[in-house]
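Engineer: Pasting a structure here, questions to come.
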Amino acid sequence: MNTKHPSLLRRAIKWLLVLVIVLAVAALGALWWIGAWNLVFPNQDHDSVAPALPGDLTSPAVLVFSKTNGFRHREGIAGGAEALQAMAARHGWGLFHTENGAVFNAADLSRFRVVVFLNASGDMLNEAQEQAFQAWMEQGGGWLGIHAAGDSSHAGWQWYRDNLIGADFTAHIMDPQFQIARVILENHQHPVLKGIPDLWEHEEEWYSWERSPRAEGFLILATLDEESYTPEARFLGAERDLRMGDHPVVWANCVGDGHSVYAAMGHRADAFTQPQVARLLENALLWLTGPRDSGCELPMITAE
C-alpha cells in the first residue's frame, strides 16, 4: 500500500495550520501595537474602585485622564503626559495622571481645578461617573480635550457631545494619514492664543466633523486652511471628501460656570514638542486653572 501521498498531505495540512496560527497571532499583535484592539474587541470596562490620590496634591491641581476603551494613541498619550507634567512643574500645579475612571466622583473631583482628556477614547465612564463630571464642570470646573477626545468613540454621551465638542466626528485624513496643514487663528486676544502667530503649520492626523461647532455657539480659536492639505480619506480604493468649509481645530465653550477647550492636535508624541501646539496647550491650562469670570463669560473679544 502506498502511503507517501497521504503522509505529504498530512504534513502540508500541519504546516498550513501552523502558518494560520502564526498569522493570527501576528494580526492580533499588530492590532494591540497600533492601538486598535478595542476597535475589533470593544471594551466597556468601567472602574469601580477609585485610585488613591496624593495627600500633598498641590492646588490648583490638574487631573490627566487617558483611559482608552476605544483606539489607543500610545505614542500621543506618552508624549502628552510628559509635556503636561513639565508644564505643571513650571507653574507649580499639582498633577495626577490616571486611567481609572472611578476617580470621577464628587469627592475626588473637588480636589482638581482642571481635567484633561489626553487622547481618552471609548465608553470610559459609567452613568454615575459621567454625572459627577458633568456636575463638577457646571459648578466651575475646567476641561481640556486633546485629539481623540473629539472623535466618534464618545457618541453615546450626549451631554459630552453637546457641551464639550459641539460637533459630530466624521473621519480623519488617510493616505496620507499625516499631512502638514496651515492653521489660522481667530479671536486673537483670547488667552489661549497668547504669543502664538496668526498663521503656522503643523503635521497631524487631521479630523473632520459633520459641521463646525461654531453653528452651536462655540468660540472658535483656530481653523484649517483646507487648500493647504488634502482633506480626503482614501482607503481600499474608496475616497471620502472631508472638506468642511469652516474647519475649526481649536475651540472653547462655557459649560454652566465652567470653561472648556478642545484642540484636535496630539495624535503623535511630536505634536507636543511643536512650539505652537505646546504653547497653545500651556496657555489653555493657564486659562483653565485661573479664575472664572462671573457667569462663565468668555473673554470679550474686540476687533484689533
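Just so you know, the sequence shown maps onto residues 153 to 456 in the working numbering. Backbone N, C-alpha and C define an ideal beta-carbon position, used for all residues, glycine too. Small disclaimer: the values here were computed from a predicted structure and weren't measured.
1) For Ser273, does the count of other Cβ atoms within 10 angstroms reach 16, so buried, or fall short, so exposed?
2) Measure from the alpha carbon of Gly397 to the alpha carbon of each residue in Arg366, Ser159, Asp260, then state which is nearest.
3) Alpha carbon to alpha carbon, how far is Asn315 from Leu450? Give it in angstroms, no decimals.
4) Output yes or no for whether 8 Å exceeds the beta carbon distance between Glu391 and Glu384.
5) Grab the span of the alpha helix (DSSP H) containing His342 for me, first residue to last.
6) Could you give the residue range of the alpha helix (DSSP H) that holds Asn405?
7) At what residue ranges does the stretch 282-356 contain a whole run of the beta strand (DSSP E), taking only runs of 3 or more?
8) Answer yes if the stretch 277-292 comes into contact with the stretch 397-414, meaning at least three C-beta pairs across the two stretches below 8 Å, and no otherwise.
9) Starting from the C-beta of Ala319, find all residues in its chain whose C-beta is less than 6 Å away, skip the five residues before and the five after it, and write them out in chain order.
10) From this set, Leu270, Ala258, Pro349, Asn257, which residue's C-alpha is nearest His249's C-alpha?
11) Since Asn252 contacts Asp199 with CB under 8 Å, what's their CB separation in whole angstroms?
12) Anyone know if the C-beta pair for Val413 and Leu296 falls short of 8 Å?
13) Compute the distance between the beta-carbons of Asn221 and Met276, then report whether it is under 8 Å.
14) Would DSSP call Trp358 helix, strand or coil?
15) Confirm, please, whether the CB-CB distance from Arg386 to Met326 is below 8 Å.
16) According to DSSP, is Gly389 part of a helix, a strand, or is it coil?
17) Leaving out the 5 sequence neighbours to the left and right, which residues in its chain are closer than 7 Å to Trp245 when beta-carbon positions are compared?
18) Could you tell me the alpha carbon to alpha carbon distance between Asn405 and Glu356, rounded to whole angstroms?
19) Answer with buried or exposed for Ile298, where buried requires no fewer than 16 other C-beta atoms within 10 angstroms of its C-beta.
Structural biologist: Reading from the atomic positions:
1) Numbered from 1 along the sequence shown, position 121 holds the residue referred to as residue 273. Buried, by the Cβ-count rule.
2) Here residue 397 corresponds to residue number 245 of the sequence shown, with the count starting at 1. With respect to the C-alpha of Gly397, the residue from Arg366, Ser159, Asp260 having the closest C-alpha is Arg366.
3) Position 298 of the sequence shown holds residue 450. Position 163 of the sequence shown holds residue 315. Leu450 and Asn315: Cα-Cα distance of roughly 14 Å.
4) For the purposes of this step, residue 391 is taken as the residue at position 239 of the sequence shown. For the purposes of this step, residue 384 is taken as the residue at position 232 of the sequence shown. Yes, the Cβ-Cβ distance between Glu391 and Glu384 is below 8 Å.
5) What you label residue 342 is simply residue 190 of the sequence shown in a count that begins at 1. Run containing His342: none; DSSP gives neither H nor E here.
6) Locating residue 405 in the sequence shown gives position 253, counting from the first residue. Note, Asn405: premise wrong, no alpha helix (DSSP H); beta strand (DSSP E) at 400-407.
7) The qualifying runs are 294-298, 321-324, 331-337, 351-356.
8) Cβ pair count under 8 Å is three or more, so yes.
9) Indexing the sequence shown from 1 puts residue 319 at position 167. Counting only Cβ-Cβ distances below 6 Å, and skipping sequence neighbours, we find Trp361, Pro365.
10) Reading the sequence shown from its first residue, position 97 is the one you call residue 249. The alpha carbon of His249 has as its nearest neighbour, out of Leu270, Ala258, Pro349, Asn257, the alpha carbon of Leu270.
11) In the sequence shown, the residue the question calls residue 252 occupies position 100. In the sequence shown, the residue the question calls residue 199 occupies position 47. Indeed, because the Cβ distance is near 5 Å, the residues count as touching under 8 Å.
12) As a first step, residue 413 is located in the sequence shown; it is residue number 261 there, counting from the start. As a first step, residue 296 is located in the sequence shown; it is residue number 144 there, counting from the start. Result yes, Cβ atoms of Val413 and Leu296 sit closer than 8 Å.
13) For the purposes of this step, residue 221 is taken as the residue at position 69 of the sequence shown. For the purposes of this step, residue 276 is taken as the residue at position 124 of the sequence shown. Taking 8 Å as the Cβ cut-off, Asn221 and Met276 qualify as a contacting pair.
14) The count along the sequence shown starts at 1 and reaches residue 358 at position 206. It is coil, neither helix nor strand.
15) Counting from 1 along the sequence shown, the entry for residue 326 is found at position 174. Counting from 1 along the sequence shown, the entry for residue 386 is found at position 234. Yes, they are a contact pair.
16) On the sequence shown, position 237 is the one that residue 389 refers to. Coil.
17) Here residue 245 corresponds to residue number 93 of the sequence shown, with the count starting at 1. So the list reads Thr210, Pro212, Ala213, Val214, Thr441, once near-sequence residues are dropped.
18) As a working note, residue 405 is residue 253 in the sequence shown. As a working note, residue 356 is residue 204 in the sequence shown. The alpha-carbon atoms of Asn405 and Glu356 are separated by roughly 23 Å.
19) Along the sequence shown, read from residue 1 onward, the residue named residue 298 stands at position 146. Under this definition Ile298 is a buried residue.
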